[in-house]
Each structure stands twice: as C-alpha cells, then as structure tokens.
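Chemist: The opening position of the sequence shown corresponds to residue 211 in my numbering, with each subsequent residue numbered one higher.
This is the structure I have questions about; it appears just below.
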Amino acid sequence: MQVVETDITDLRVDAIVNAANETLLGGGGVDGAIHRAAGPRLLAACRALPQVRPNVRCPTGQARITPGFDLPAHFVIHTVGPVWEGGGEGEPELLAGCYRQSLRLALENGVRSIAFPAISCGVYGYPLAAAAAIAVRETRAFASTHAQPARVVFCCFGAAAARIYRDIVDREA
Ligand code: APR
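So, in structure tokens, the structure goes:
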C-alpha cells in the first residue's frame with residue numbers, strides 16, 4: 211500500500227480508478243483528466259456500456275472496467291462515489307462499495323497494481339480523512355483474503371491529502 215502525490219494519469223500501473231458519475235460520459239476533476247489522457251476511445255467505450263436505467267451506466271457504489279487506451283495504465287476502472295450529504299444517507303457504505311467493487315473487478319481482470327484517487331473528495335464533497343479511512347480499511351480487508359492486486363497506490367492531488375492518507379496508512383499498519 212503506497213501513497214503518492216501525482217497526477218493519476220501518469221501512473222504506470224495495470225489499472226487506474228476513475229471517480230466518475232453515473233452516466234460514465236466524463237466530467238471534470240479526475241474524470242476529465244483521465245478522459246483527456248486516455249483519448250476519445252475511452253468515451254466511446256463508456257458510451258457502449260449498457261445503461262441500467264436511463265442515463266445510468268454505473269450506479270453509485272458500483273464499478274465498471276474499460277481499456278485504458280492512450281493511458282500508461284492498461285485498464286480504467288470507473289466507479290461512482292456518493293455525493294456527501296452529511297453522512298446520514300448511506301454515504302460511508304456506498305463509498306466502501308466503490309473500493310470493494312473496484313478491487314473485485316481488478317482481481318477478475320488479472321490486475322496486479324491499481325491506483326485510486328480520493329473518490330468523492332472533490333466535487334462530491336466527502337470529507338477527506340473519513341473517505342481515506344474507508345479507502346484504507348476496505349483495501350486492507352480485501353488484501354487479507356486476496357493475493358491480487360498486490361500493489362495498491364493511493365494517488366493524492368496535493369500535499370495535504372497525501373499527509374492525511376500517510377497518517378491513516380501508518381496508524382493502522
Ligand atoms: N490525479 C489524481 N487525483 C486527482 C486528479 C488527478 N489528475 N484530479 C483531481 N484529483 C483529485 C481531487 O483533488 C479529489 O481529491 O481526485 C479527488 C476526487 O475529486 P473529483 O475528481 O472532483 O471527483 P468526485 O469528488 O468523486 O466527484 C465526481 O466530478 O468530475 C466529476 O464526472 C465527475 O460528476 C463526477 C464528479
């Protein structure tokens with residue numbers, strides 16, 4: 211389990227995780243950065259994914275996988291985090307699901323190294339420390355029963371986020 215401070219689109223891992231929205235048709239933040247770096251084929255691949263409801267290709271708390279196209283990463287795992295509503299609307303369980311489902315898809319696709327951004331901690335407003343604690347807890351739980359992905363990277367945008375993640379990773383080691 212590593213904490214790095216960089217742009218997730220630069221990471222040479224088997225899969226990077228995208229903090230997407232339920233349409234899977236792109237957006238701002240890390241979603242925008244990943245689509246820009248992956249090229250237009252990523253949007254085409256997302257558009258081709260089946261809608262489970264009108265305009266919903268990936269419900270909140272679930273994950274979908276596509277190729278990484280022009281990215282260094284071989285796959286993009288798109289997951290949709292909850293919008294923070296104060297904590298009483300099931301946000302912690304939904305966010306935990308994002309990590310569990312992303313790791314499950316990674317395992318099923320032979321992914322050995324995966325990088326996560328701080329899902330829901332930007333536009334969706336989830337408090338970073340609480341979200342990072344869920345990220346580390348769910349990753350540790352998955353690793354306790356699965357050998358892969360063997361390498362998990364928490365990719366932070368900025369020193370403050372990296373410090374929070376490092377404190378949590380070190381504290382619960
Ligand atoms: N690399 C790594 N982390 C990044 C990058 C990047 N290039 N760009 C942004 N981040 C960080 C943000 O600083 C934040 O900590 O990713 C985290 C998630 O922020 P958002 O990208 O805003 O994602 P989220 O809060 O989950 O909101 C998702 O935003 O972009 C739209 O389409 C997306 O509607 C969806 C919503």
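Heads up, the beta-carbon is just placed ideally off N, CA and C, and yes, glycines get one too.
Fair warning: this is a prediction, and the values are worked out from it, not measured in the lab.
Is Ala248 near the ligand APR, with its Cβ less than 7 Å from a heavy atom?
Modeler: In the sequence shown, the residue the question calls residue 248 occupies position 38. It does not: the Cβ of Ala248 is nowhere closer than 7 Å to a heavy atom of the ligand APR.
Chemist: Identify the continuous alpha helix (DSSP H) that holds His288 and give its terminal residues.
Modeler: Here residue 288 corresponds to residue number 78 of the sequence shown, with the count starting at 1. It is not in any alpha helix (DSSP H) - His288 instead sits in the beta strand (DSSP E) that spans Phe285 to Thr289.
Chemist: Note down the Cα distance separating Gly298 from Thr349, rounded to an integer number of angstroms.
Modeler: Locating residue 298 in the sequence shown gives position 88, counting from the first residue. Locating residue 349 in the sequence shown gives position 139, counting from the first residue. Their backbone Cα atoms lie some 23 Å apart in a straight line.
Chemist: Quick check: what's the CA-CA separation for Arg251 versus Ala225?
Modeler: Along the sequence shown, one-based indexing puts residue 251 at 41. Along the sequence shown, one-based indexing puts residue 225 at 15. Near 16 Å, if we compare the C-alpha coordinates of Ala225 and Arg251.
Chemist: Report, in whole angstroms, the separation of the C-beta atoms of Leu305 and Gly291, which I expect to be a contact under 8 Å.
Modeler: Mapped onto the sequence shown, residue 305 falls at position 95. Mapped onto the sequence shown, residue 291 falls at position 81. Confirmed, about 6 Å.
Chemist: With distance defined between alpha-carbon atoms, name the residue in Ala247, Leu259 and Val333 nearest to Leu234.
Modeler: Reading the sequence shown from its first residue, position 24 is the one you call residue 234. Considering only alpha carbons, the answer is Leu259.
Chemist: Put Arg246 into one of helix, strand or coil per three-state DSSP.
Modeler: Here residue 246 corresponds to residue number 36 of the sequence shown, with the count starting at 1. In the structure shown, Arg246 sits in a helix (DSSP, three-state: H, G or I).
Chemist: Checking 8 Å against the spacing of the C-beta atoms, do Val223 and Ala325 come in under that value?
Modeler: Residue mapping note: residue 223 aligns to position 13 of the sequence shown, counting from 1. Residue mapping note: residue 325 aligns to position 115 of the sequence shown, counting from 1. The answer is yes: Cβ separation under 8 Å.
Chemist: Near Gly249, what residues of its chain come up, given a Cβ to Cβ distance below 7 Å and the 5 sequence neighbours on each side ignored?
Modeler: On the sequence shown, position 39 is the one that residue 249 refers to. Cβ within range, chain order: Phe279 and Asp280.
Chemist: Decide if Gly320 is buried, meaning its Cβ has at least 16 other Cβ atoms within 10 Å, or exposed.
Modeler: Along the sequence shown, read from residue 1 onward, the residue named residue 320 stands at position 110. Burial call: exposed.
Chemist: Would you say the beta carbon of Thr276 is closer than 7 Å to some non-hydrogen atom of the ligand APR?
Modeler: Here residue 276 is taken as the residue at index 66 of the sequence shown, counted from 1. No, the Cβ of Thr276 stays beyond 7 Å of every heavy atom of the ligand APR.
Chemist: Compute the Euclidean distance between the alpha carbons of Pro269 and Arg257, then round it to the nearest angstrom.
Modeler: In the sequence shown, the residue the question calls residue 269 occupies position 59. In the sequence shown, the residue the question calls residue 257 occupies position 47. Approximately 15 Å between the Cα atoms of the pair.
Chemist: Quick one: what's got a C-beta closer than 6 Å to Ala247's C-beta in the same chain, skipping five residues either side?
Modeler: As a position in the sequence shown, residue 247 is number 37, starting the count at 1. These residues qualify, in order along the chain: Thr219 and Leu281.
Chemist: Thinking C-beta only, is Phe364 closer than 8 Å to Ala345?
Modeler: Counting from 1 along the sequence shown, the entry for residue 345 is found at position 135. Counting from 1 along the sequence shown, the entry for residue 364 is found at position 154. Yes.
Chemist: How would you call Pro327, buried or exposed, if buried means at least 16 neighbouring beta carbons within 10 angstroms?
Modeler: In the sequence shown, residue 327 corresponds to position 117, counting from 1. So Pro327 counts as buried.
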